[in-house]
Amino acid sequence: MGLLQLLSYFAILLFIVVVTAKMVKIARMPLHLRWDLYPIPHEKGRGSYGGSYFEEVDWWTKPMNFSLISEISAMAKEIILVQSVYHNNRSLWIFSFPFHFGMYCLIGFMVMLVAGAIFQATGVVIGSDSPNTLAVIIFHLTKIFGLVGWVLSIIGGIGLFFSRLFRAEMRNASVISDYTNLLLLLAVFISGLAAAFTVDSNYVALRGFVQSLITLKPAGVLPGAVTVQLWLWAALMIYFPYTHMTHLFGKYFTYHKVRWEDAPNIKGSKIEATVNKALGYKINWSAPHIKTGATWAEAATEETAKDE
Amino acid sequence: MSNKKTSLKDFSQKEGQLVNLDASKFLPLPPPYDKIEDLPTIKPLSESAQEKYECDLDGITAFKFPRPETDEEKKEMIEKFLSGLQKLFDREDNWTFMQPLFLTMEYCAKCQTCSAACPVYKESGGIDIYRPTYRSDILRRLYKKYVKGGGKFFSKISGNDIDVTWRMIARLMELSYRCTICRRCAQTCPIGADNGLVTRELRKIFSQEMGIAVEPLHKKGSVLQLQSGSSTGMTPAAYLDNIEFLEEEVEERVGMKFNWPMDKEGADILLIHNAGEFLAWPENPEAFAIILEKAGISYTLSSELVAYDGVNYGVWYDDVQFAKVALKHLAVAKKLGVKKIVLGECGHAHKALTVIADRVMPGELNVPRESSVTLLRDIIKEGRLNLDKSRNDEYHVTLHDPCNMVRLMGIVEPQREILRAVVNNFREMEPHGVHNYCCGGGSGFAITQDLNFPDWRHALSSRIKMRQILDTYQDIIGPEHKKYVCAPCSNCKGAIRDMFVAYNTFERCNMLYGGLVELIVNAMTDFDKEYIEWEWH
């Protein structure tokens, strides 16, 4: 087994482990105080103008009208169309949208590559003249996702890089890693497009390599351009989990666990039990007005206790 | 020295004032305030104040923080700050906000979409230090360097390094008081990062660890409220005297006597006003007394310490002070045996007790809380008041949306339903509802009246509200039309009052501000006299 294969296994494993560990770490953080921000799309009948259940008298006695469709629709618009950038930063959206949409296509491309590799491993030929219809579809989808993905993400990535460089506000806020992140991504995308245009237009070599990873068999000799592309992919997968690029996953928490998190504390609820537990945590803040070493419950009821 | 770019190296190390505010660079206002010489100015601090207090950020001071003199003091300041920084990321010390803070530290992509949403940054003409990500970037670098494993090494190679100096800490302290925590920036962030939260978390390091807070919020705010009963300094005895006075005043005003139920056990509702109303705008609680009695609502006020003042300044700077006040409010409601607490016209009291307190209360103190706006809307909808909206016809009314009620709670329509029922000449500001702009007095700014901070507020943080109001009334801006800016929030009213004084708006534009209930009572046909007195007060 070659070095590139070993590196690829390592990169994939590291990516999965580190990203999962980070998400588990966030998920296990204590339940925070409510910090909802409106509009919240799942507020049925009210989400469109930013209203909430607080608009009802005795809201705690009424059913919570949760609109899953509105929430999914808002998510789809945000994820696919990068809606908030469209509405609030249109000149950046011109690049941000193709950049992100291109990468979604590349995720589709990878899924097609893996599917094609699995088919190939079972003896099905992937190609436009394959007798297997599904294999033909996979062949074409791989090419479409690949081409659209490479082109859009490169256009978007270059635009974002130069926006960061030339727009004063962005430049003032940027550090070296903000540029290197984009450069690494661009290197991966450009190398992918270059390999596809020069030596691997039907992704035969790339699919073969993925097949070798799946079947744990040695890969054949790869064209130079494909090798370069794979080294860059591995580097990206190793680097990615340590950067803000994991917002791909982190956005679940920022939206669903903070901004749109509006579950009230109802008597006897799980939230009540969690809050009671948190009130038992010790406070170590040391300003004079804080009862350092006491529990949150003791410190917060200090004044109430004095009056009783 | 350009204000468009301020390096973090300068922020940490440069001696003297970092940024000079130049009013000619601020965005111009519409007529009749389109001439710079007609606008309020930012007065420089006196020489003695400059000598005494740290003001090296932009020549303004909110904290009135005396500069450390000895090396020991400077060293201690740095140590305490770093110790507070660690606690922000500790799951017990900061269980209250650790998760959202961590997410903001990790995921900002620095796209600057938030910048255009920030009224202070935009109105200043783009002063770099007021950029919403500026203070967040400092905290992020500190977090990466001092909290994350291997931080010192990785900070250097990624270009995220930062020097912690006493100067940087002092400037950061003041910088945490140049953001109203309106959270418009967070609303536009594609990732869900929250620079408003960062402002509040920074204030927590100063207050909860270093014992440094802005005086009107802490010493004369939450501390005074817990000790004497109200942040106004009004004791229970003084409060009861005040109520007696209000009872007489309302009788004089409308020619009828109304009850002020006090400490009535078993009432349906405990009504809590912002105590500032009793002193500055008594017509507001008086209007509540009229409406609730006429509508036959069972309610009570409380004369217990803290419970007659709905403010909770902790919501802006300190979780522990916040919890102390919130639990006191809830404990009194529990003792009275009311079915629910209803909050008067005070935005931050709404959010504090209804939303945020939801997760600091032990189960036994879980008394339901709601807004008075929804109750008033239902009273009107059910036809329990005799209304004639033409009684408000001489006023051109616009609505200021308090951030805490709309963007942070989602109460958007009820106040509009009320206005549509009691006013014919209503016009919206743009943008409004959840996309509104802060009055400029948010997060404690309205009550910070020391030295030249109010000048800064009028010139910058309130500027966008001034712009919106002027734009709304541009076709009738002259003094021949009476214009009423309805602001159902004590804090917003305070900021708008001060802004109108600074811009001489009543004289120049015949523009007054007030609450929502005053317009309701003014539309009631039970009284011959007008309820709203069209004079500056």
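Residue numbers (the working numbering), protein chains in the order written: chain A, 1 to 308; chain B, 1001 to 1537. From the three backbone atoms N, C-alpha and C, an ideal C-beta is built for every residue, glycine too.
The Cβ atoms of histidine 1458 of chain B and alanine 1502 of chain B lie closer than 7 Å to each other. Cβ proximity to chain A below 9 Å picks out Arg1183, Ala1186, Gln1187, Thr1188, Cys1189, Pro1190, Ile1191 from the segment 1180-1191 of chain B. Per DSSP, reduced to three states, the secondary structure at glycine 1059 of chain B is coil, with no helix or strand assignment. Taking 4 residues as the minimum length, the alpha helix (DSSP H) runs contained wholly in the segment 1174-1203 of chain B are 1184-1188, in order along the chain.
Proximity to methionine 237 of chain A across A:Gln211, A:Phe15, A:Leu4, A:Met29 peaks at A:Phe15, based on C-alpha coordinates. At least one CB atom of chain A sits nearer than 7 Å to the CB of threonine 1113 of chain B. Interface flag for arginine 90 of chain A against chain B is unset, since no Cβ pair is found closer than 7 Å. Look at valine 24 of chain A: its C-beta is not under 7 Å from any C-beta on chain B.
By the CB criterion at 7 Å, aspartate 58 of chain A and aspartate 262 of chain A fall outside the cutoff. Of the other Cβ atoms in all chains shown, 16 or more fall within 10 Å of the Cβ of phenylalanine 139 of chain A; this residue is therefore buried.
Within the segment 1402-1426 of chain B, Met1405, Val1406, Arg1407, Leu1408, Met1409, Gly1410, Ile1411, Val1412, Glu1413, Pro1414 place their CB atoms closer than 9 Å to a CB of chain A, listed in sequence order. Interface annotation for the segment 1100-1129 of chain B against chain A: Pro1100, Phe1102, Leu1103, Glu1106, Tyr1107, Cys1108, Ala1109, Lys1110, Cys1111, Gln1112, Thr1113, Ser1115, Ala1116, Ala1117, Asp1128, criterion Cβ-Cβ distance under 7 Å.
In terms of beta-carbon proximity, methionine 170 of chain A lines the interface with chain B, with at least one pair separated by less than 7 Å. Assignment of beta-bridge partners to valine 1397 of chain B by DSSP yields B:Phe1426, B:Tyr1484. Under the DSSP definition of a beta bridge, valine 124 of chain A lacks any partner. A direct Cα-to-Cα measurement between threonine 1180 of chain B and serine 1443 of chain B gives close to 5 Å. The beta carbons of alanine 196 of chain A and leucine 222 of chain A sit no closer together than 7 Å.
For isoleucine 1341 of chain B, the enclosing beta strand (DSSP E) has its first and last residue at 1340-1343. Counting every other CB atom within 10 Å of its CB across the protein chains shown gives histidine 87 of chain A a total below 16, marking it as exposed. By the neighbour-count definition (other C-beta atoms within 10 Å, threshold 16), tryptophan 260 of chain A is a buried residue. Per DSSP, reduced to three states, the secondary structure at glutamate 1073 of chain B is helical. Among the residues facing chain A, methionine 1098 of chain B is included, as its CB has a counterpart in that chain under 7 Å away. At least one beta carbon of chain B lies nearer than 7 Å to the beta carbon of methionine 29 of chain A. Here the alpha carbon of glutamate 1015 of chain B sits roughly 26 Å from the alpha carbon of methionine 170 of chain A. In this structure, the beta-carbon distance from lysine 1005 of chain B to asparagine 172 of chain A falls below 7 Å.
Of all residues in the segment 287-305 of chain A, only Ala287, Pro288, His289, Ile290, Trp296, Ala297, Ala299, Ala300, Thr301, Glu302, Glu303, Thr304 come within less than 8 Å of chain B when Cβ atoms are compared, listed by chain position.
Here methionine 1409 of chain B is not near phenylalanine 109 of chain A, since their CB atoms are 7 Å or more apart. Not a single CB atom of chain A sits nearer than 7 Å to the CB of lysine 1335 of chain B.
DSSP places isoleucine 1269 of chain B in the strand class (E or B) of the three-state scheme. Look at the beta carbons and you see the segment 1246-1258 of chain B not touching the segment 1308-1324 of chain B: under three pairs across the two are nearer than 8 Å. Look at arginine 1384 of chain B here: in three-state DSSP terms it is coil, with no helix or strand label. In the three-state scheme derived from DSSP, where H, G and I count as helix and E and B as strand, leucine 1512 of chain B is classed as strand. Using a CB distance cut-off of 7 Å, serine 52 of chain A counts as an interface residue toward chain B.
In this structure, asparagine 1284 of chain B and glutamate 1518 of chain B form a Cβ contact; the two beta carbons are roughly 7 Å apart against a cut-off of 8 Å.
Remark: C-beta atoms of alanine 234 of chain A and alanine 11 of chain A approach each other more closely than 7 Å. Rounded to the nearest whole angstrom, the C-alpha separation of aspartate 1358 of chain B and phenylalanine 1089 of chain B is 22 Å.
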